[in-house]
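Step one of this worksheet: look at the structure below.
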Ligand code: NAP
Ligand code: G4F
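Numbering (the working numbering), first residue to last: 11 to 344.
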């Protein structure tokens, strides 16, 4: 008889994969994680969390159905967290076809493998607030219509609906976490928050003279990744499967983020930040601001052990966690 639960995380080498693995290990799970074979190993996030020896690794690529099927068979999990994807919106305009393969079709490869191997396995799909795209509403919740603005978002939209379809058609426990941006010191450097914290540190150390960004007016709802992974887990522990928004319900411009980051080192951001059109996207998502009331009601308050109001404030700590943490780690590295 199985003593503890087993989870399979696709994309264990990514930001969320690493934090989720750390979280599930603390809960006593046996954790399997898929990684893709590349010429230079990419385990720096797992190493930085000190959990490298506690994970069971399986090599699998999103385009290779048999490798994904094998990962499910070998791990025999209770829960699958499907996080692997081409996650950078900007690149999806240059690579629309692989983005469709990795962020869209791969979801069905996972769902179909689970259906055939063991439909009792619970499935989490990493859906995204990018689905909302060209929003008309001031804030977005589970009922807000989708209007994708990138090949990435269009691929994720397909994954979203297929997950819902497997839930309703095959009665599988398959859910979408519609997650707004969440960041951390483990975020890839191409994303704007880490590009800014890295740029501020390099300027402060005299390694650069300025920081070139794209659209400074875009608004994002930025949260803290280690808190969001607990929400993913909670979504698989509900009585009935359902889709949930996870967000801080607060929005700020890229310019505000940069201003705040520079101000921590007493620097005037306007002297250093340049906006260059070469970083603009073919289509932009101008405003994202979540409304996470449904998750707050069902489980967020349990995570933080607080009332609804306090729960939403807890994940709204971007000024410290998303700027000072990464900034300090960069300054210490140089
Ligand atoms: P990330 O750091 O970019 O990690 C993506 C993971 O997918 C990495 O492990 C990557 O492997 C893997 N991967 C990419 N292509 C693959 C392929 N062809 N075969 C196998 N593995 C592949 O992304 P994240 O921030 O952790 O996000 C996790 C998921 O949540 C993604 O699906 C993302 O789209 C979604 N999401 C993220 C956010 C956010 O704000 N972070 C918000 C909403 C939704 P390598 O390390 O080898 O590249
Ligand atoms: O940090 P970003 O690249 O993240 P983006 O596009 O919002 O996507 C992230 O969050 C999504 C959830 O909403 C995830 F689904 C997705 O996987 C990813 O994790 O860009 C944020 C904003 C954009 O409006 C972008 O145009 O910042 C703007 N921006 C301005 N200058 C820039 C830059 N973005 C980047 N990466 N680099 C710049 O120089």
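Think of the CB as a built atom: it goes at the ideal place given N, C-alpha and C, for glycine as much as any other residue.
Please confirm whether any heavy atom of the ligand G4F lies closer than 8 Å to the CB of residue 203. For the purposes of this step, residue 203 is taken as the residue at position 193 of the chain shown. Correct: residue 203 has its Cβ closer than 8 Å to the ligand G4F.
Pairwise C-alpha distance: residue 15 and residue 42: Reading the chain shown from its first residue, position 32 is the one you call residue 42. Reading the chain shown from its first residue, position 5 is the one you call residue 15. Taking the straight line from one Cα to the other gives about 11 Å.
Could you pull the DSSP bridge partners for residue 229 from this structure? By 1-based counting over the chain shown, the position of residue 229 is 219. Paired residues: 263 and 297.
Determine the contact status of residue 253 and residue 170, defining contact as a CB-CB distance below 9 Å. Reading the chain shown from its first residue, position 243 is the one you call residue 253. Reading the chain shown from its first residue, position 160 is the one you call residue 170. Contact: yes.
In angstroms, rounded to a whole number, what distance separates the CA positions of residue 47 and residue 280? The residue labelled residue 47 in the question sits at position 37 within the chain shown. The residue labelled residue 280 in the question sits at position 270 within the chain shown. Each residue's alpha carbon lies about 42 Å from the other.
Residue 251 classed as buried or exposed, judged by whether at least 16 other C-beta atoms fall within 10 angstroms: Position 241 of the chain shown, counted from the start, is the residue given in the question as residue 251. Buried, since its Cβ has 16 or more Cβ neighbours within 10 Å.
If you drop the 5 nearest sequence neighbours on each side, which residues of the same chain put their C-beta closer than 6 Å to that of residue 218? One-based indexing of the chain shown puts residue 218 at position 208. Correct list, in chain order: 212.
Could you compute how far the alpha carbon of residue 88 sits from the alpha carbon of residue 243? The residue given as residue 88 occupies position 78 in the chain shown. The residue given as residue 243 occupies position 233 in the chain shown. Spanning the two alpha carbons is a distance of roughly 12 Å.
Relative to the C-alpha of residue 182, which candidate in 125, 295 and 67 has its C-alpha closest? For this step, residue 182 is matched to residue 172 along the chain shown. Here the closest residue by C-alpha is 125.
Does the beta-carbon of residue 178 have 16 or more other beta-carbons within 10 angstroms, so that it is buried, or is it exposed? Taking the chain shown and counting its residues from 1, one reaches residue 178 at position 168. It is exposed - the Cβ of residue 178 has fewer than 16 other Cβ atoms within 10 Å.
State the start and end residues of the unbroken beta strand (DSSP E) segment that holds residue 185. The residue given as residue 185 occupies position 175 in the chain shown. Start and end: 184 to 189.
Taking the straight line between their C-alpha atoms, what separation do you get for residue 268 and residue 138? Within the chain shown, the letter at position 258 stands for residue 268. Within the chain shown, the letter at position 128 stands for residue 138. Taking the straight line joining both Cα atoms gives about 23 Å.
Label residue 153 either buried or exposed according to how many other C-beta atoms from any shown protein chain fall within 10 Å of its C-beta, with 16 as the threshold for buried. For the purposes of this step, residue 153 is taken as the residue at position 143 of the chain shown. Result: exposed.
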